[in-house]
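Accompanying notes for the structure given below.
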Amino acid sequence: MLNTGTLKVTTPSDREVMMVREFDAPRTMVFDAFTKCELLKRWFGPRGWSLVECESDFRVGGSWRFMLQGPDGARMGMRGAIREIARPARIVHAETFDDYPGESVVTTDFIESRGKTTVTIVVCYESKEIRDAVIGSGMEHGAAETYDRLAEYLESASQSTTGA
Amino acid sequence: MHTVVSSRLDATFAALADPTRRAILARLATGEASVSELAKPFAMSQPAISKHLKVLEYAGLISRSRDAQRRPCRLEPQTLADASGWLDHYREVWEQNFARLDALLDEMKAQERKKRARKKARAK
Numbered sequence: 001m002l003n004t005g006t007l008k009v010t011t012p013s014d015r016e017v018m019m020v021r022e023f024d025a026p027r028t029m030v031f032d033a034f035t036k037c038e039l040l041k042r043w044f045g046p047r048g049w050s051l052v053e054c055e056s057d058f059r060v061g062g063s064w065r066f067m068l069q070g071p072d073g074a075r076m077g078m079r080g081a082i083r084e085i086a087r088p089a090r091i092v093h094a095e096t097f098d099d100y101p102g103e104s105v106v107t108t109d110f111i112e113s114r115g116k117t118t119v120t121i122v123v124c125y126e127s128k129e130i131r132d133a134v135i136g137s138g139m140e141h142g143a144a145e146t147y148d149r150l151a152e153y154l155e156s157a158s159q160s161t162t163g164a
Numbered sequence: 165m166h167t168v169v170s171s172r173l174d175a176t177f178a179a180l181a182d183p184t185r186r187a188i189l190a191r192l193a194t195g196e197a198s199v200s201e202l203a204k205p206f207a208m209s210q211p212a213i214s215k216h217l218k219v220l221e222y223a224g225l226i227s228r229s230r231d232a233q234r235r236p237c238r239l240e241p242q243t244l245a246d247a248s249g250w251l252d253h254y255r256e257v258w259e260q261n262f263a264r265l266d267a268l269l270d271e272m273k274a275q276e277r278k279k280r281a282r283k284k285a286r287a288k
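Those protein sequences? They're chains R and Z, same order as listed.
For the first sequence, this note's numbering gives the first residue as 1, with consecutive numbering after it.
For the second sequence, this note's numbering gives the first residue as 165, with consecutive numbering after it.
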């Protein structure tokens with residue numbers, strides 16, 4: 001249908017995760033969809049989860065709060081402060097999950113070209129450790145000796161269970 | 165199904181966020197061990213270690229033998245393998261979000277077009 005479905009996810013630095021996605025709409029529209037509660041409620045949240053409460057005061061120093069609800073009634077709260085806002089080009093906000101330690105800073109840039117908008121989201125975690133805990137890349141890169149041992153074990157374990 | 169995987173991963177990453185628990189996993193990577201064996205290298209009491217083990221067990225990262233008296237802990241490698249594929253999982257979750265956003269933007273564009281057409285009609 002639309003040639004917009006490719007989401008790129010990369011890790012540009014030790015503490016960051018970056019997502020890039022193009023949308024077939026002008027950036028004022030995309031920016032609104034990212035900042036207005038009535039629009040956010042229409043799309044934001046992992047499958048099975050919906051944004052049931054949304055409060056946002058989208059100005060510098062303002063705060064926002066989301067409550068997501070899962071199919072089994074589980075609730076997950078998120079909140080933070082707006083650090084920078086330049087409609088329709090950029091939002092920088094802090095983000096904390098109620099049940100998870102640490103605050104991340106999310107920078108979202110909206111660039112329009114020929115009626116399409118490229119959105120770049122960079123999530124910066126407090127430390128490499130936290131980011132790695134979140135994305136599990138510590139398992140992949142195994143810099144620490146402990147992880148190397150773990151990787152070796154996993155390899156042998158997966159070989160021995162192949163076909164299972 | 166997806167939500168099950170996702171909440172399981174949440175538990176996995178919450179479990180992995182703690183350095184003691186990661187150290188316990190690294191120790192278990194060398195072979196199974198009992199609570200007292202695990203408590204030794206960490207200057208921690210057995211109840212404190214047990215608490216960490218409960219979190220790891222809940223996250224599916226380890227399992228504990230039910231029958232043997234020393235109830236040795238062992239690593240569950242599949243859970244870690246799932247976790248290391250998390251960047252893919254992360255992309256998948258966001259891709260679903262963004263597919264919904266695509267649909268919403270289409271709707272917004274259609275509304276915009278209607279509004280413009282109405283304005284044009286009025287201007288005539």
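Virtual Cβ for every residue (Gly too), placed ideally from N, Cα, C.
All values derive from a computational prediction rather than experimental measurement.
Count the CB pairs spanning the stretch 220-229 of chain Z and the stretch 258-276 of chain Z that are closer than 8 Å, and state whether there are at least three.
With contact defined as three or more Cβ pairs closer than 8 Å, the stretch 220-229 of chain Z and the stretch 258-276 of chain Z are not in contact.
Closer than 7 Å between beta carbons: that is the criterion. Which residues of the stretch 215-226 of chain Z meet it against chain R?
Along the stretch 215-226 of chain Z, there is no position whose C-beta sits under 7 Å from a C-beta of chain R.
Could you check whether the Cβ of Ala94 of chain R sits closer than 9 Å to any Cβ belonging to chain Z?
The residue labelled residue 94 of chain R in the question sits at position 94 within the first sequence. No - not a single Cβ of chain Z is within 9 Å of the one on Ala94 of chain R.
If we define contact as Cβ-Cβ less than 9 Å, is Leu7 of chain R a contact residue for chain Z?
Counting from 1 along the first sequence, the entry for residue 7 of chain R is found at position 7. For Leu7 of chain R, the answer is yes, since a Cβ of chain Z falls inside 9 Å of its Cβ.
Helix, strand or coil at Thr6 of chain R according to DSSP, with G and I counted as helix
What you label residue 6 of chain R is simply residue 6 of the first sequence in a count that begins at 1. Residue state, collapsed to three classes: coil.
So, Met76 of chain R versus Phe97 of chain R, is the Cβ gap smaller than 9 Å?
Within the first sequence, residue 76 of chain R is the residue found at index 76, counting from 1. Within the first sequence, residue 97 of chain R is the residue found at index 97, counting from 1. A contact, by the Cβ cut-off of 9 Å.
For Ile85 of chain R, the nearest candidate out of R:Gly61, R:Met78, R:Glu95, R:Arg65 (CA to CA)
For the purposes of this step, residue 85 of chain R is taken as residue 85 along the first sequence, with counting starting at 1. Out of R:Gly61, R:Met78, R:Glu95, R:Arg65, R:Gly61 has the C-alpha closest to the C-alpha of Ile85 of chain R.
Could you tell me which chain Z residues have their CB closer than 7 Å to the CB of Phe44 of chain R, listed as they occur along the chain?
Position 44 of the first sequence holds residue 44 of chain R. Within 7 Å Cβ-Cβ: Asn261.
Chain Z contact for Met19 of chain R (CB, 9 Å cutoff):
Along the first sequence, one-based indexing puts residue 19 of chain R at 19. It does; some Cβ of chain Z falls within 9 Å.
Within chain Z, partners of Asp24 of chain R - CB distance below 9 Å:
For the purposes of this step, residue 24 of chain R is taken as residue 24 along the first sequence, with counting starting at 1. Close partners of Asp24 of chain R in chain Z (Cβ separation under 9 Å): Asp266, Leu269, Asp270, Lys273.
From this set, R:Cys54, R:Asp14, R:Lys116, which residue's C-alpha is nearest Phe31 of chain R's C-alpha?
As a first step, residue 31 of chain R is located in the first sequence; it is residue number 31 there, counting from the start. Residue R:Lys116 is the option with its Cα nearest to Phe31 of chain R.
For Met272 of chain Z, name the three-state secondary structure that DSSP assigns.
Here residue 272 of chain Z refers to the residue found at position 108 of the second sequence. Met272 of chain Z falls in the helix class under three-state DSSP.
Which residue from Z:Phe206, Z:Lys273, Z:Asp270, Z:Pro241 puts its Cα closest to that of Leu220 of chain Z?
Sequence index remark: in the second sequence, residue 220 of chain Z carries index 56 (1-based). Measuring from the Cα of Leu220 of chain Z, the nearest candidate turns out to be Z:Pro241.
Is the shortest distance between the beta-carbon of Ala86 of chain R and the beta-carbons of chain Z less than 9 Å?
To locate residue 86 of chain R, count along the first sequence from 1; it is residue 86. Ala86 of chain R does not count as touching chain Z.
How big is the Cα-Cα spacing for Glu16 of chain R and Val123 of chain R?
Counting from one through the first sequence, the residue named residue 16 of chain R turns up at place 16. Counting from one through the first sequence, the residue named residue 123 of chain R turns up at place 123. Each residue's alpha carbon lies about 5 Å from the other.
Which residues in chain Z sit within 7 Å of Met67 of chain R, going by Cβ to Cβ distance?
What you label residue 67 of chain R is simply residue 67 of the first sequence in a count that begins at 1. What Met67 of chain R touches in chain Z: nothing, since even the nearest Cβ is about 16 Å away.
Cβ of Glu276 of chain Z within 9 Å of any chain R Cβ
Within the second sequence, residue 276 of chain Z is the residue found at index 112, counting from 1. Yes, contact with chain R.
The alpha helix (DSSP H) enclosing Thr35 of chain R, as first and last residue numbers:
Reading the first sequence from its first residue, position 35 is the one you call residue 35 of chain R. In the DSSP annotation of this structure, the continuous segment of the alpha helix (DSSP H) that includes Thr35 of chain R starts and ends at 27-35.
Let me make sure I understand the geometry here. Which of R:Cys37, R:Ser104, R:Ala81, R:Met78 has the alpha-carbon closest to that of Lys128 of chain R?
The sequence position of residue 128 of chain R within the first sequence is 128, counting from 1. Checked all of R:Cys37, R:Ser104, R:Ala81, R:Met78; the closest Cα to Lys128 of chain R is R:Ser104.
Let me know the beta strand (DSSP E) ranges lying completely inside the stretch 38-104 of chain R, each 3 residues or longer, listed in chain order.
Runs found: 50-56, 63-69, 75-86, 90-97.
Measuring CB atoms only, is the stretch 20-27 of chain R touching the stretch 37-45 of chain R, in the sense that at least three cross pairs come out at less than 8 Å?
The stretch 20-27 of chain R vs the stretch 37-45 of chain R: no contact.
Give a yes or no on whether the minimum CB-CB distance between Arg255 of chain Z and chain R is below 9 Å.
Within the second sequence, residue 255 of chain Z is the residue found at index 91, counting from 1. At least one C-beta of chain R is nearer than 9 Å to the C-beta of Arg255 of chain Z.
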